[in-house]
Amino acid sequence: MAKRIDVSGLTAYYGSHKAIEDISMTVEPRSVTAFIGPSGCGKSTFLRTLNRMHEVTPGGRVEGKVLLDDEDLYGHGVDPVSVRREVGMVFQRPNPFPTMSIFDNVAAGLRLNGNYKKNELSDIVEKSLRGANLWNEVKDRLNKPGSGLSGGQQQRLCIARAIAVEPNVLLMDEPCSALDPISTLAIEDLIGELKERFTIVIVTHNMQQAARVSDRTAFFNLAAVGQPGKLVEIDDTERIFSNPSVQATEDYISGRFG
Amino acid sequence: MSHAVVTDKRPSSLRGAQLPKWSPWAIAAGSLAVAVGIGLAAGLHSRIQWGLIAALLFIAGTFGIAARVEGKRQAKDRVATSLVWVAFLIAVVPLVSLIWVTVQRGMKVLDGYFLTHSMGLVADSEPGGGIYHAILGSLEQVGLATVIAAPIGVLTAIYLVEYGRGNLARAVTFFVDVMTGIPSIVAGLFILSLMLIFDMQPFGFAGSLALAILMMPVVVRSTEEMLKLVPNELREASLALGVPKWRTILKVVLPTSIGGITTGIMLAVARIAGETAPVLLLVWGNPFINANPFEGAQASLPLYIYQQYANSAGSGAAYDRAWAASLTLIAFVMILNLLARGIARWKAPKTGR
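Taken in order, these protein sequences are the chains called A and B. Residues 12 to 269 (the working numbering) make up the first sequence, in order. Residues 20 to 372 (the working numbering) make up the second sequence, in order.
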């Protein structure tokens, strides 16, 4: 299921403001790629260009190419809705639908897309919840509202919701920044399991987390406030954290920046 | 009236002398008593004057006593609190007295007979008769107006919040704001001019159209606010699942805000239920039962109240009927409000575990 992402010459704007400039990288299938970098350097913006969520923001537009197994996401006639079915997303703050039960939250993607078989639905929900390591905690209260769960459980519910539609790529925008260390550990373990099936891209401010979960790490930086963010380098995580080829990366990782 | 608890002076820098908990009540009772005394002595007849004197005494007394016992800063604090209380009472007193008078006078003739009979064969100056025709007319006119205005209003709000960008949205917002301020008589005249162009006689639906014009901006405004309260994260979560925008709005945004939207619509209904001017121009009023809103003059509750007063020629029976109809109208609006609250609570996003 997992697909490769090839980005070339990608520039994204908010209105007339250039947020990221000329980014090219390859994200390997069945691996975890982490984006690190200071706030405002465009990591999240770049992540959102990978499933065309960037253009949901008023004034958001993109130049360049994003190939998902040789198919350009920004090509002529590509429907952003079908792109988002291929490339799922988990957000910084857990955002289960407040009007829906736990079951309905997981089933939401299938139900709202309208392409599912009724008798398969509960199987898919169970499979997704098991996949998100949440099944044992919620199997007795599937009909209770999802907003009654703890923050970490809600985030895993959101992951279950995202993988229920069987995407090829899973994007995670700081999925643990609102969670305590134990919930973070649960999610990190989960990421390790999910990479067997999906291509995973994760934005994080926590460099230990990037070192723990990712196979490859990309470092983003910006020259100055107001300047567009750029990709400094992308390499194997081990190399980035031990012997990066760019001085700025080393400065950032070791805490000496500026 | 001075009931300062005199403790030893300044035992510590954190503890000072304090008035007892009951002191505001005592000051209030004291100032009320003094105000009644002043009122009687000065021969003031109006109870309102007594009340205002009492309010002023209360604030001045609070400040004086608190300043002596507790010190300046605490005195200012207490004055602020008492000002809030006085303002609250001034706001509540007219409301309570209005409901009290309406209930008192309205109960006189309000009974099953009154609610189920029309004024058909009863002259305005005679006792008897009822408001069945007016209730029927009100329900039909307001109901039709709601059927027209609520969907248009909600859809307009959805456009403004979810789709609207640029000049068209700005123009729509501007016109909605202007429409909110339209006097009801102008809406009535607008429909009346159409009626005259097509040479039509007064009928209930014409009133509904004018009421719908008045209702629409209120619905748009309240729905807009409710939709803006839906967190953007929910929209993004849905879009990121590959759900098309229209389904996101229908299945995620609207269900999340449906409680507030319903409340807004109910309040808008309550607002137009009391409109008299356009109904007077367009529906005309009719002492007989006319269940067809598309043909012939109809009655309506606010119009009935006005006409009973205007045409009563000083007859007590007509006044009683007008009060009873007022009570019915207030009850109608109150029931709508309760319904709205019930729906809002029932549909509110659940947080239980």
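For each residue, glycine too, the CB sits at the ideal point set by N, CA and C. Keep in mind it's a predicted model, so treat the numbers as computed, not measured.
| Query | Result |
| --- | --- |
| Proline 250(B) - partner residues in DSSP beta bridges | BP columns for proline 250(B) are empty, so no partner. |
| Span of the alpha helix (DSSP H), counted from its first residue to its last, around glutamate 249(A) | 248-253 |
| Beta-carbon proximity list for threonine 135(B), same chain, < 7 angstroms, skipping 5 on both sides | Gly149 and Tyr151 |
| Proximity test, Cβ basis, 8 angstroms: threonine 56(A) and chain B | no |
| Residue ranges of each beta strand (DSSP E) within the stretch 53-79 of chain B, 3 or longer | none |
| Beta carbon proximity, proline 109(A) to chain B, threshold 8 angstroms | yes |
| Segment contact, 8 angstroms Cβ cut-off, at least three pairs: the stretch 89-102 of chain A with the stretch 252-266 of chain B | yes |
| In DSSP terms, what glutamine 317(B) is bridged to | Trp303(B) |
| Same chain, Cβ closer than 7 angstroms to leucine 358(B), five either side skipped, listed in chain order | Met285 |
| Neighbouring residues, chain B, relative to glycine 163(A) (Cβ below 8 angstroms) | Those do not exist, as glycine 163(A) stays about 15 angstroms from chain B at its closest Cβ, beyond 8 angstroms. |
| Residue closest to aspartate 83(A), alpha-carbon to alpha-carbon, out of Glu261(A), Asp17(A), Trp146(A) and Gly48(A) | Asp17(A) |
| Beta strand (DSSP E) segment containing asparagine 232(A), residue limits | 227-233 |
| Cβ contact (3+ pairs, closer than 8 angstroms) linking the stretch 244-256 of chain B and the stretch 325-338 of chain B | no |
| The stretch 27-46 of chain A / the stretch 224-239 of chain A touching (three or more Cβ pairs under 8 angstroms) | yes |
| Between the CA atoms of methionine 198(B) and glutamine 166(A) - distance to the nearest angstrom | 45 angstroms |
| Range of the contiguous alpha helix (DSSP H) that encloses serine 331(B) | No alpha helix (DSSP H) contains serine 331(B), which DSSP labels as neither H nor E. |
| Aspartate 262(A) at chain B interface by Cβ criterion, 8 angstroms | no |
| Exposure of serine 21(B), with buried meaning 16 or more beta-carbon neighbours within 10 Å | Here serine 21(B) scores only 49 on pLDDT, less than 50, and its place in the model should not be relied on; the value that follows carries that caveat. Serine 21(B) comes out exposed. |
| Residues near proline 107(A) by beta carbon distance below 7 angstroms, same chain, minus five either side | Asn116, Gly157, Ser158, Gln165, Leu168 and Cys169 |
| Selection of the stretch 265-282 of chain B by Cβ proximity to chain A, strictly under 7 angstroms | Arg266, Lys270, Val271, Pro274 and Thr275 |
| Cβ pair isoleucine 57(B), threonine 347(B) closer than 8 angstroms | no |
| Residue-level contact to chain B via CB, proline 49(A), 8 angstroms cutoff | no |
| Option in Pro368(B), Gly83(B), Val103(B) and Ala142(B) with minimal Cα separation from alanine 94(B) | Gly83(B) |
| Close Cβ partners of serine 345(B) (< 7 angstroms) along its chain, the five nearest in sequence each way excluded | Thr121, Gly125 and Ile324 |
| Beta carbon proximity, asparagine 147(A) to chain B, threshold 8 angstroms | no |
| Of the listed residues Thr267(B), Met235(B), Val98(B) and Leu355(B), nearest to proline 170(B) (C-alpha basis) | Met235(B) |
| Bridge partner(s) assigned by DSSP for leucine 78(A) | Asp17(A) and Asp83(A) |
| Contact set for threonine 195(A): own chain, Cβ-Cβ below 7 angstroms, skip 5 residues either direction | Cys187 |
| Which of helix, strand or coil DSSP assigns to serine 21(B) | Residue placement at serine 21(B) is poorly supported in this model, since its pLDDT is 49, which falls under 50; the coordinates are not used for a value here. |
| Any chain A beta carbon closer than 8 angstroms to arginine 184(B) | yes |
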